[in-house]
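Only one structure is covered here, and it is reproduced in the block below.
Number of protein chains: 2
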Amino acid sequence: MPGHHTERSRRSIERKGDLRERAILDTCEALLADKGYSAMTVGDIAQGAGITRGALYFYFGSKQEVVAALVARTVEHLWERSRTTAQADEPRQAIAEAMRRTVELWSEHGLVMRTAIDLSLTVPEAGELWSHTADLFIEAITAVLERAGLPAGTGPEHAPAMARALCWMIERTFYHASQESPEKLREASATCEHIWLTSAGLTS
Amino acid sequence: MPGHHTERSRRSIERKGDLRERAILDTCEALLADKGYSAMTVGDIAQGAGITRGALYFYFGSKQEVVAALVARTVEHLWERSRTTAQADEPRQAIAEAMRRTVELWSEHGLVMRTAIDLSLTVPEAGELWSHTADLFIEAITAVLERAGLPAGTGPEHAPAMARALCWMIERTFYHASQESPEKLREASATCEHIWLTSAGLTS
DNA sequence: ATAAAAATCTGCACCGTGTAGACTTTCTGG
DNA sequence: CCAGAAAGTCTACACGGTGCAGATTTTTAT
Chain A
1 MPGHHTERSR
11 RSIERKGDLR
21 ERAILDTCEA
31 LLADKGYSAM
41 TVGDIAQGAG
51 ITRGALYFYF
61 GSKQEVVAAL
71 VARTVEHLWE
81 RSRTTAQADE
91 PRQAIAEAMR
101 RTVELWSEHG
111 LVMRTAIDLS
121 LTVPEAGELW
131 SHTADLFIEA
141 ITAVLERAGL
151 PAGTGPEHAP
161 AMARALCWMI
171 ERTFYHASQE
181 SPEKLREASA
191 TCEHIWLTSA
201 GLTS
Chain B
1001 MPGHHTERSR
1011 RSIERKGDLR
1021 ERAILDTCEA
1031 LLADKGYSAM
1041 TVGDIAQGAG
1051 ITRGALYFYF
1061 GSKQEVVAAL
1071 VARTVEHLWE
1081 RSRTTAQADE
1091 PRQAIAEAMR
1101 RTVELWSEHG
1111 LVMRTAIDLS
1121 LTVPEAGELW
1131 SHTADLFIEA
1141 ITAVLERAGL
1151 PAGTGPEHAP
1161 AMARALCWMI
1171 ERTFYHASQE
1181 SPEKLREASA
1191 TCEHIWLTSA
1201 GLTS
């Protein structure tokens, strides 16, 4: 009886809805890459996932929420990978390593990253998700700047404020470059790295 | 007869349609500040301008076009003002002056600027307009960097590429800061100015 | 096994955008 | 003053996003 119950619970963990939800996000990801956000209709997504429009609204409150969930799923993978990457102690190395990872990230997931940014401007949910992600980056940059000798205060020329500006610079620069070519992406990376180094007082 | 014609032409210069167009943009600007982009319907704009929905579609092809035109109108004013401002020769002064003007710009027209950026991501027309505006800034920054001694080549660490990254940094930083408070805007300005100076090799 | 409860799904209606065409009013040139 | 162009209105409709009442299926408790 207890064993039976456990078996039932195990089966119950994976509800039909979970499958559907994954199917919806998978379809959404494919359509996003294929047609773009605005050309992709809720009907398209529903059809691809094998349900009707109405049913989709049982899982997600809106089209934007679907995409926001897709972004969240993708970003989660990225965090996992980032966490496992060791942080170098030497600022110059840390910066180089961070930029290398950022290029990798944008090369592989440029579309989703750009969509995340697009949505973050208009969808509060996506906005919070993205600003949370940005905060992680800002913290990391702040740490590097402080190790390089910048003061840790709250003034406009202290590490946290500088890190914020640098983070936005990287976000925006990569946003544009990733639309062009992998080549541009590498160039953009070099430029950002240079400005970062200079701002950290590590004039090469 | 020619005089008559001239008189008519003079009157004709200001067509009814021009009035309407201005009325539409004025209403749009007010509604945008009042309810935001998505909550503002084409019917609202038309009603505020004293015409019907159909008539509005005679002037503009879409809701997005209306807002794009509003952005264009605002940006044009800015260019005019910028052009009349004399360019300082000394890089340090030029940078300070540029940042001062940028703060002013975002303080007064933060909403339209942010809307422009929001739209530029999804509306091709607005995108071109904005990237054109950005190019003007990038050129200006490039000029300052070169006067400060940076090489003018096309490499990632040469003036044009650096100017581009700095421009995006400023855009994004001001976008966020202008949503917070005039106080934050001034702080953000100080941070950006510092990074700009440092990148130009003008370590204060 | 079975009834209640929860999860899932359908179909329809609503609202706003955008298009098309017919029709009226207002210019404007001659 | 007239004819035609320009400006504006109205109606109808297709389409996409969204909310909802209720049917249907699955799970849970007994």
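Keeping their order, the protein sequence lines are chains A and B.
In terms of the working numbering, the first sequence opens at residue 1 and continues consecutively.
In terms of the working numbering, the second sequence opens at residue 1001 and continues consecutively.
Idealized CB from N, CA, C, for every residue including glycine.
In the three-state reduction of the DSSP assignment, residue 25/A falls in the helix class.
Per the coordinates, the alpha-carbon of residue 62/A lies some 13 Å from the alpha-carbon of residue 25/A.
Within the region 1131 to 1194 of chain B, the runs of alpha helix (DSSP H) that reach at least 4 residues and sit entirely inside it are, in chain order, 1159 to 1180. Straight across, the Cα-Cα distance linking residue 197/A with residue 92/A is about 7 Å. At a cut-off of 9 Å between C-beta atoms, residue 1121/B counts as an interface residue with respect to chain A. Here the alpha carbon of residue 1163/B sits roughly 11 Å from the alpha carbon of residue 1154/B. For residue 1058/B, the uninterrupted alpha helix (DSSP H) run begins and ends at 1053 to 1059, by DSSP. Counting other Cβ atoms within 10 Å of its Cβ, residue 173/A reaches 16 or more and is therefore classed as buried.
Considering only beta carbons, the part of the region 17 to 43 of chain A lying closer than 9 Å to chain B consists of 37 and 38, in chain order. Under the Cβ criterion of 9 Å, residue 1089/B is not counted among the residues facing chain A.
Rounded to the nearest whole angstrom, the CA to CA distance from residue 158/A to residue 200/A is 10 Å.
If you draw a straight line from the Cα of residue 48/A to the Cα of residue 32/A, it comes to about 12 Å. Straight across, the Cα-Cα distance linking residue 1020/B with residue 1059/B is about 9 Å. Contact note: residue 1157/B reaches chain A through 190, 191 and 194, using a C-beta cutoff of 7 Å and chain order.
Not a single CB atom of chain A sits nearer than 9 Å to the CB of residue 1135/B.
Sequence-distant partners of residue 1193/B (beyond 5 residues in either direction) whose C-beta falls short of 8 Å from its own C-beta, in its chain, are 1095, 1096 and 1099. Residue 38/A carries a coil assignment under DSSP once its states are collapsed to helix, strand and coil.
Under the three-state reduction of DSSP, residue 1074/B is assigned to helix. Taking a C-beta distance under 9 Å as the contact criterion, residue 1133/B and residue 1075/B qualify as a contact pair. In chain order, 169, 173, 188, 191, 192 and 195 make up the part of chain A whose C-beta sits under 8 Å from the C-beta of residue 1165/B.
Its chain contains no residue whose beta carbon lies nearer than 6 Å to that of residue 1140/B once the 5 sequence neighbours on both sides are disregarded. Measuring C-alpha to C-alpha distances from residue 179/A to each of 146/A, 110/A and 53/A identifies 110/A as the nearest. Inter-residue distance for residue 118/A and residue 126/A is about 9 Å (C-alpha atoms, whole angstroms).
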